[in-house]
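Novice:
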Amino acid sequence: MPAVEHVRLGRKRNLPPCPNPLFLQWLSELRDQAAEKGHKTQYVYHKAISSLKRYPLPLRNAREAKILQNFGDGICKILDEKLQRHYRENGPDAPIHSLPSGVTVAPRRRSNNSLAQPTKQPSRKEGEGGRRKREYVPQKRSGGYAVLLTLYRESQVPGGKGFMFKLELQAEAQHLCDKSFSVPDLGSKYTAWSSVSTLIQKDLVQKTHNPARYSLTELGLALAERLEDGEREQEEDRRSEEGSCPGAVDLTAEEDEKKKRTEPLAGPTPAAYVAQRGSEVSGVNSSEKPQAVETKTRPAGGCLYPGSYDIVLCVDFIETTGGSTACKQELVKELQRNGVNFDVRKLNVGDFLWVAKERVAPVSGQLRAPPSRELVLDYIIERKRMDDLCGSIIDGRFREQKFRLKRCGLQKPIYLVEECGSAAAHLSLPETTLQQAIVNTQVVDGFFVKRVQDVKESVAYLTVMTRYLTKLYQNRTLVCRSRELEGDGQNKEECGGREREVPSCSLISFPEFNQGAVKNKCQTVREVFARQLMQISGLSGDKAVAILERYSTLHSLLEAYEQCPSDTEREKLLSSIRYGKLKRNLGPALSRTVYQLYCTKGALS
């Protein structure tokens, strides 16, 4: 029986040699020289070499190479100079499409994925046992140092979350850092928090979710553990030095006592920190702890005391630019005429709101005064002309704006409606429809609605509100709170029936408020599901919230549909869900519409 020959399932085609070996050699030399010096141009030369190897035709000069990818004027000029030098040394008829005898192009050992992940050519120093690249270790008492230690101590708390929010992390890490996490130094725009981006780039800290959650990676955990060990060793050395000379006289004791009186209280030791965080998680009563430990979690300087701030009206820049310029300029002139302290800025939700702005004295030698803190009062106004109200109802913005105003974190939203006389009679929607929308906003949605006739009455209302809030908040200490840690509805629960008499003094900072109200920010699955539901005709925000309380995501709703034995039960699945203050049923018609939207294959009839 004849021997069976081995069958080759494939063959590797020999690639033709590069028809421009001289240019290839010069580019390889340039690449290697740049790699030895550590220049990033080595990657540019590498890309040009790859393009040249793929080009199948011979080139007569470097100008013809400009048609190739990654060949710019600089590379072509260098190749032309080398080509002219080659002609001068070897004669005008010297061949350029073949190398001189005994000369070869030195190959560079690279992986097939070299373009995606370029590896640096080892330099002469590294080949001769030179220094390797140092590991990144943040400087002691820097922002990165404080963040790593704080996240590490949080990870060691039994039963802890395993992550920290931004404001929580800044408050806990501040006592470990010499710079402020919120206020930049004079003449600089960077704070200690700026180093967090470096930690993320070095894969030491990971940032997830929205609002952002910060936690340590495996590399960060190992580095933070070493930093914690160094911190503990220094603490032990300091204690041993203090106990080694019991009879010595401390000449600096009086100075230290003066410093303790003037400097803020330092944060607790690592052991006290872990004990404190563990008691917060497990619910242990911490009333017996020292006052310094109790107040540490509140950011230093998080309060605005009476007489240290002014009430300022913030006007959205859209209200002063574009559209009817004359009408919008009239608004600004009327505010100036009434002596209102206002500021024009970009507001991501609402048209007007008020902030308590800290009074900051200018610093000698500085062009601008230091940035002042701003806390947002609980009042926000959405201004609507009748034509704007009509357009927003038609394109769906009206419902979305009310939904965003409810979730902005401020407890007293106001709708300011300019009726503009008889102009409503010439709009796309009947006047009765617009009036019904205004009534629904007040009765169903719970907004306070103020009706005015024109811009002058709007400015008069803003002026009266500014003076009222200035008087209401005078002689009050305002405290900065976080929406991430305390939630949006805390003030209503704390105030209870006294909500109208006593204003809330626990307020959100303006940067956090404006950032949290971004219209196109990253959304959770639950938020996307809610926005989908609200696109259904007749399904309001209250009805969408009621559905979300039982089925938080679309996946959970589809699973519930699959468990129903028949189509009739699937259509009635949501009909018994109660919504709103009156606890009315959602109804079979709306339940059937939601079922058909998500479970009908093909186009809806």
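Everything in the sequence shown is counted per UniProt numbering, starting at 1 for the first residue and increasing by one. Backbone N, C-alpha and C define an ideal beta-carbon position, used for all residues, glycine too. Quick caveat, the model's predicted, so the values are computed rather than measured.
1) Taking all protein chains shown into account, do 16 or more other C-beta atoms lie within 10 angstroms of the C-beta of Lys583, making it buried, or fewer, making it exposed?
2) Suppose you measure from the CA of Val439 to the CA of Gln401; what does that come to, to the nearest Å?
3) Looking at Leu353 and Cys408, is the spacing between their C-beta atoms short of 7 Å?
4) For the 8 Å Cβ check, are there 3 or more pairs between the region 74-94 and the region 18-38?
5) May I have the straight-line CA-CA distance separating Pro95 from Asp73, to the nearest angstrom?
6) Distance, Cα to Cα, Leu554 vs Leu416?
7) Tell me which residue opens and which closes the alpha helix (DSSP H) that Thr432 is part of.
8) Below 8 Å on the Cβ atoms is my contact criterion, and I expect Asp542 with Gly587 to pass it. Report the Cβ-Cβ distance as a whole number of Å.
9) Inspect the beta-carbon positions of Asn341 and Thr463 and report whether they are closer than 7 Å.
10) Would Tyr305 pass as a contact of Thr477 if the rule is Cβ separation under 7 Å?
11) Assign Arg238 to one of three DSSP states: helix, strand, or coil.
12) Give me, in chain order, the residues of the same chain whose beta-carbon lies closer than 7 Å to that of Leu558; leave out the 5 immediate sequence neighbours on both sides.
13) Can at least three beta-carbon pairs, one atom from the region 164-181 and one from the region 142-156, be found at a separation below 8 Å?
14) Looking at Trp26 and Lys66, is the spacing between their C-beta atoms short of 7 Å?
15) Does DSSP put Cys314 in a helix, in a strand, or in coil?
16) Within the same chain, show all residues whose beta-carbon is closer than 7 Å to that of Ser308, passing over the 5 residues directly before and after it, in chain order.
17) Apply the 10 Å Cβ neighbour rule to Ile394 and answer buried if 16 or more other Cβ atoms are within range, or exposed otherwise.
18) In terms of residue numbering, what span does the beta strand (DSSP E) encompassing Cys480 cover?
19) Out of curiosity, what's the CA-to-CA distance linking Glu527 and Thr198?
20) Three-state secondary structure (DSSP) at Gly487?
21) State the CB to CB distance for the pair Arg570 and Tyr595, rounded to an integer number of angstroms; the pair is presumed to be in contact (CB under 8 Å).
22) Give me the Cα-Cα distance between Arg573 and Val452, rounded to the nearest whole angstrom.
23) Gln206 by DSSP, collapsed to three states: which one?
24) May I ask you to list the residues that DSSP assigns as paired with Ile393?
25) Between which two residues does the beta strand (DSSP E) harbouring Ala65 extend?
26) According to the neighbour-count rule (16 or more other Cβ atoms, all chains shown, within 10 Å of its Cβ), is Val459 buried or exposed?
27) Could you check the C-alpha separation between Ala546 and Gln234 for me, to the nearest Å?
28) Checking 7 Å against the spacing of the C-beta atoms, do Val312 and Phe513 come in under that value?
29) If I follow the unbroken beta strand (DSSP E) through Ala356, where does it start and stop?
30) Quick check on Cys522: buried or exposed, where buried means 16 or more other Cβ atoms within 10 Å of its Cβ?
31) Relative to the alpha-carbon of Thr466, which residue among Arg373, Ser540, Cys564 and Asp343 has its alpha-carbon at the smallest distance?
32) Please classify Leu57 as buried or exposed, where buried requires at least 16 neighbouring CB atoms within 10 angstroms.
33) DSSP three-state call for Lys47: helix, strand or coil?
34) Grab me the residues of Lys456's own chain with a C-beta within less than 7 Å of its C-beta, minus the 5 sequence neighbours each way, in chain order.
35) According to DSSP, simplified to helix, strand and coil, what is Asn585?
36) Within 10 angstroms of the Cβ of Ala356, are there 16 or more other Cβ atoms? Answer buried if so, exposed if not.
Specialist: Per the coordinate set shown:
1) As a first step, residue 583 is located in the sequence shown; it is residue number 583 there, counting from the start. Answer is exposed; the Cβ neighbour count stays below 16.
2) Position 439 of the sequence shown, counted from the start, is the residue given in the question as residue 439. Position 401 of the sequence shown, counted from the start, is the residue given in the question as residue 401. So the two alpha carbons sit approximately 16 Å from each other.
3) As a position in the sequence shown, residue 408 is number 408, starting the count at 1. As a position in the sequence shown, residue 353 is number 353, starting the count at 1. Not a contact, by the Cβ cut-off of 7 Å.
4) yes
5) Sequence index remark: in the sequence shown, residue 95 carries index 95 (1-based). Sequence index remark: in the sequence shown, residue 73 carries index 73 (1-based). The straight-line gap from Cα to Cα measures roughly 24 Å.
6) To locate residue 554, count along the sequence shown from 1; it is residue 554. To locate residue 416, count along the sequence shown from 1; it is residue 416. When the Cα atoms are used, Leu554 and Leu416 turn out to be separated by approximately 36 Å.
7) Within the sequence shown, residue 432 is the residue found at index 432, counting from 1. It spans Glu431 to Val443 - the alpha helix (DSSP H) in which Thr432 sits, taken as one unbroken run.
8) Position 542 of the sequence shown, counted from the first residue, corresponds to residue 542. Position 587 of the sequence shown, counted from the first residue, corresponds to residue 587. Not really, about 13 Å apart at Cβ, beyond 8 Å.
9) Here residue 341 refers to the residue found at position 341 of the sequence shown. Here residue 463 refers to the residue found at position 463 of the sequence shown. In terms of Cβ geometry, Asn341 and Thr463 do not form a close pair [threshold 7 Å].
10) Reading the sequence shown from its first residue, position 305 is the one you call residue 305. Reading the sequence shown from its first residue, position 477 is the one you call residue 477. Going by C-beta atoms, Tyr305 is nearer than 7 Å to Thr477.
11) Walking along the sequence shown from the start, residue 238 turns up at place 238. Reduced to three states, the DSSP call for Arg238 is helix.
12) Counted from its first residue, the sequence shown places residue 558 at position 558. For Leu558, where only same-chain residues beyond five positions count, the Cβ hits under 7 Å are Tyr598.
13) yes
14) Residue 66 sits at position 66 when you count from the first residue of the sequence shown. Residue 26 sits at position 26 when you count from the first residue of the sequence shown. Contact: no.
15) Taking the sequence shown and counting its residues from 1, one reaches residue 314 at position 314. Correct three-state label for Cys314: strand.
16) As a position in the sequence shown, residue 308 is number 308, starting the count at 1. For Ser308, where only same-chain residues beyond five positions count, the Cβ hits under 7 Å are Glu358 and Arg359.
17) Walking along the sequence shown from the start, residue 394 turns up at place 394. Under this definition Ile394 is an exposed residue.
18) What you label residue 480 is simply residue 480 of the sequence shown in a count that begins at 1. That run of the beta strand (DSSP E) goes Leu478 to Arg481.
19) Within the sequence shown, the letter at position 527 stands for residue 527. Within the sequence shown, the letter at position 198 stands for residue 198. Going from the Cα of Glu527 to the Cα of Thr198 covers about 31 Å.
20) For the purposes of this step, residue 487 is taken as residue 487 along the sequence shown, with counting starting at 1. Residue placement at Gly487 is flagged as unreliable, the pLDDT there being 48, under the threshold of 50; a coordinate-derived value is accordingly withheld.
21) As a working note, residue 570 is residue 570 in the sequence shown. As a working note, residue 595 is residue 595 in the sequence shown. Separation of the CB atoms of Arg570 and Tyr595 is rounded to 5 Å, and the pair is thereby assigned contact status at 8 Å.
22) Mapped onto the sequence shown, residue 573 falls at position 573. Mapped onto the sequence shown, residue 452 falls at position 452. Arg is not the amino acid found at residue 573; the sequence shown has Leu there. Going by the C-alpha atoms only, they are around 45 Å apart.
23) Sequence index remark: in the sequence shown, residue 206 carries index 206 (1-based). Here Gln206 sits in strand by DSSP.
24) Here residue 393 refers to the residue found at position 393 when the sequence shown is read from its first residue. None, per the DSSP bridge assignment.
25) Looking up residue 65 in the sequence shown gives position 65. Taken as a continuous stretch (DSSP letters only), Ala65 belongs to no beta strand (DSSP E), as it is neither H nor E.
26) Mapped onto the sequence shown, residue 459 falls at position 459. Val459 comes out buried.
27) The count along the sequence shown starts at 1 and reaches residue 546 at position 546. The count along the sequence shown starts at 1 and reaches residue 234 at position 234. Straight-line Cα distance between these residues: approximately 56 Å.
28) Position 312 of the sequence shown, counting from 1, holds the residue named residue 312. Position 513 of the sequence shown, counting from 1, holds the residue named residue 513. Cβ atoms of Val312 and Phe513: not closer than 7 Å.
29) Counted from its first residue, the sequence shown places residue 356 at position 356. First-last of the beta strand (DSSP E) with Ala356: Phe352 to Glu358.
30) As a first step, residue 522 must be located in the sequence shown, where it is residue number 522. Classification for Cys522: exposed.
31) In the sequence shown, residue 466 corresponds to position 466, counting from 1. Closest option to Thr466, Cα to Cα, is Asp343.
32) By 1-based counting over the sequence shown, the position of residue 57 is 57. Looking at its Cβ environment, which holds fewer than 16 other Cβ atoms inside 10 Å, Leu57 is exposed.
33) In the sequence shown, residue 47 corresponds to position 47, counting from 1. Note: Lys47 maps to helix in three-state DSSP.
34) Counting from 1 along the sequence shown, the entry for residue 456 is found at position 456. Within the same chain, Lys456 has close Cβ partners Glu334.
35) Counted from its first residue, the sequence shown places residue 585 at position 585. In this structure, Asn585 counts as strand in the three-state DSSP scheme.
36) Taking the first residue of the sequence shown as 1, we reach residue 356 at position 356. Buried is the call here.
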